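A short worksheet on the structure shown next.
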Amino acid sequence: MVDAFCATWKLVDSQNFDDYMKALGVGFATRQVGNVTKPTVEISQDGDKVVVKTLSTFRNTEISSKLGEEFDETTPDDRHVKSTFTMDGDNLVQVQKWDGKETTFVREIKDGKMVMTLY
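Counting in my numbering, the sequence shown runs from 1 upward without gaps.
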(Lines of atoms letter the chains of each structure in order from A; the text may use other names.)
(Lines give C-alpha, C1' and ligand atoms only; values in the text may rest on other atoms or scores of the structure.)
Protein backbone atom coordinates (compact mmCIF):
# COMPACT_ATOMS: atom_id res chain seq x y z
CA MET A 1 0.00 0.00 0.00
CA VAL A 2 0.95 3.62 -0.44
CA ASP A 3 0.89 4.02 3.37
CA ALA A 4 4.43 2.64 3.67
CA PHE A 5 5.71 5.57 1.57
CA CYS A 6 3.85 8.29 3.50
CA ALA A 7 6.75 10.09 5.14
CA THR A 8 9.42 12.70 4.50
CA TRP A 9 12.47 11.38 2.64
CA LYS A 10 15.83 13.12 2.08
CA LEU A 11 18.02 12.31 -0.94
CA VAL A 12 21.29 10.84 0.24
CA ASP A 13 22.85 9.53 -2.97
CA SER A 14 22.27 9.54 -6.74
CA GLN A 15 23.80 7.10 -9.20
CA ASN A 16 24.09 7.96 -12.93
CA PHE A 17 21.71 10.92 -12.62
CA ASP A 18 23.82 13.08 -14.95
CA ASP A 19 23.66 10.39 -17.66
CA TYR A 20 19.89 10.18 -17.18
CA MET A 21 19.53 13.96 -17.59
CA LYS A 22 21.79 13.95 -20.67
CA ALA A 23 19.62 11.25 -22.26
CA LEU A 24 16.59 13.50 -21.69
CA GLY A 25 18.34 16.40 -23.41
CA VAL A 26 18.64 18.52 -20.26
CA GLY A 27 21.07 21.42 -20.76
CA PHE A 28 24.47 21.64 -19.07
CA ALA A 29 23.57 24.38 -16.55
CA THR A 30 20.40 22.62 -15.40
CA ARG A 31 22.30 19.32 -15.10
CA GLN A 32 24.93 20.97 -12.92
CA VAL A 33 22.23 22.24 -10.55
CA GLY A 34 20.45 18.87 -10.64
CA ASN A 35 23.62 17.00 -9.75
CA VAL A 36 24.22 18.96 -6.54
CA THR A 37 20.60 19.35 -5.43
CA LYS A 38 19.56 17.08 -2.55
CA PRO A 39 15.77 17.37 -2.44
CA THR A 40 13.41 16.38 0.32
CA VAL A 41 10.44 14.34 -0.89
CA GLU A 42 7.20 14.32 1.10
CA ILE A 43 4.75 11.57 0.16
CA SER A 44 1.25 11.60 1.60
CA GLN A 45 -2.32 10.67 0.82
CA ASP A 46 -5.24 13.05 0.44
CA GLY A 47 -8.30 10.85 0.36
CA ASP A 48 -7.71 8.46 -2.54
CA LYS A 49 -4.94 10.58 -4.09
CA VAL A 50 -1.19 10.09 -3.78
CA VAL A 51 0.58 13.43 -3.15
CA VAL A 52 4.31 13.83 -3.87
CA LYS A 53 5.98 17.12 -2.89
CA THR A 54 9.60 17.62 -3.89
CA LEU A 55 11.32 20.46 -2.06
CA SER A 56 14.76 21.80 -2.97
CA THR A 57 16.73 25.00 -3.35
CA PHE A 58 16.29 24.62 -7.14
CA ARG A 59 12.52 24.22 -7.39
CA ASN A 60 9.55 22.97 -5.39
CA THR A 61 6.97 20.78 -7.09
CA GLU A 62 3.77 19.04 -6.07
CA ILE A 63 1.91 16.36 -7.99
CA SER A 64 -1.13 14.35 -6.98
CA SER A 65 -3.38 11.76 -8.55
CA LYS A 66 -5.37 8.64 -7.87
CA LEU A 67 -3.56 5.36 -8.49
CA GLY A 68 -3.97 4.31 -12.12
CA GLU A 69 -5.26 7.72 -13.24
CA GLU A 70 -3.22 9.62 -15.85
CA PHE A 71 -2.50 13.28 -15.10
CA ASP A 72 -0.59 16.21 -16.59
CA GLU A 73 2.76 17.02 -14.99
CA THR A 74 5.39 19.67 -15.62
CA THR A 75 8.73 18.22 -14.54
CA PRO A 76 11.47 20.23 -12.78
CA ASP A 77 13.27 20.48 -16.14
CA ASP A 78 10.06 21.88 -17.74
CA ARG A 79 8.99 18.84 -19.74
CA HIS A 80 5.22 18.45 -20.11
CA VAL A 81 4.41 14.79 -19.53
CA LYS A 82 1.50 12.46 -18.84
CA SER A 83 2.13 10.63 -15.56
CA THR A 84 0.50 7.69 -13.82
CA PHE A 85 1.04 6.27 -10.31
CA THR A 86 0.49 2.55 -9.67
CA MET A 87 1.42 0.03 -7.02
CA ASP A 88 3.42 -2.98 -8.22
CA GLY A 89 3.60 -5.29 -5.22
CA ASP A 90 5.26 -3.20 -2.51
CA ASN A 91 6.66 -0.67 -5.01
CA LEU A 92 5.20 2.73 -5.83
CA VAL A 93 5.67 3.19 -9.59
CA GLN A 94 5.37 6.42 -11.57
CA VAL A 95 5.48 6.38 -15.37
CA GLN A 96 6.01 9.60 -17.35
CA LYS A 97 5.23 9.68 -21.09
CA TRP A 98 6.01 12.46 -23.57
CA ASP A 99 6.92 12.77 -27.25
CA GLY A 100 7.01 8.99 -27.74
CA LYS A 101 9.41 8.61 -24.78
CA GLU A 102 8.88 7.06 -21.38
CA THR A 103 10.56 7.16 -17.97
CA THR A 104 9.67 4.90 -15.05
CA PHE A 105 10.40 5.72 -11.40
CA VAL A 106 10.21 2.73 -9.05
CA ARG A 107 10.13 3.66 -5.37
CA GLU A 108 10.69 0.93 -2.80
CA ILE A 109 11.41 0.77 0.91
CA LYS A 110 14.69 -0.94 1.85
CA ASP A 111 16.00 -1.00 5.42
CA GLY A 112 13.77 1.94 6.39
CA LYS A 113 14.93 4.07 3.46
CA MET A 114 13.13 4.91 0.24
CA VAL A 115 15.13 3.88 -2.81
CA MET A 116 14.08 5.26 -6.18
CA THR A 117 15.32 3.63 -9.37
CA LEU A 118 14.92 5.30 -12.77
CA TYR A 119 14.30 3.35 -15.98
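Quick reminder that beta carbons are idealized off the backbone N, C-alpha and C, glycines included.
These numbers were taken from a predicted model, which means no experiment stands behind them.
### Task
Give the single residue among E108, N35, I63 whose Cα lies nearest to the Cα of D46.
I63
### Query
How would you label F85, buried or exposed, when you count the other beta carbons within 10 angstroms and need 16 or more for buried?
Burial call: buried.
### Query
What residues are listed by DSSP as bridge partners for E108?
Residue pairing by DSSP places E108 opposite V115 in a beta bridge.
### Cβ distance (whole Å) where D77 is taken to contact V26 below 8 angstroms
5 angstroms
#### Entry: Best match in K101, V36, I109, M116 for proximity to A23 [C-alpha to C-alpha]
K101
### Query
What did DSSP end up calling M21 once you bin it into helix, strand or coil?
In the three-state DSSP reduction, M21 falls in the helix class (H, G or I).
### Message
What does the alpha-carbon distance come out to for the pair L118 and T104?
### Response
6 angstroms
### Task
Return helix, strand or coil for Q32, following the three-state DSSP convention.
In this structure, Q32 counts as helix in the three-state DSSP scheme.
### Query
Which word fits G112, buried or exposed, when buried means at least 16 other C-beta atoms lie within 10 angstroms of its C-beta?
exposed
### DSSP beta-bridge partners of D46
K49
#### Entry: Residue burial classification, F5 (beta-carbon count within 10 angstroms, cutoff 16)
buried
### Query
Would DSSP call D3 helix, strand or coil?
helix
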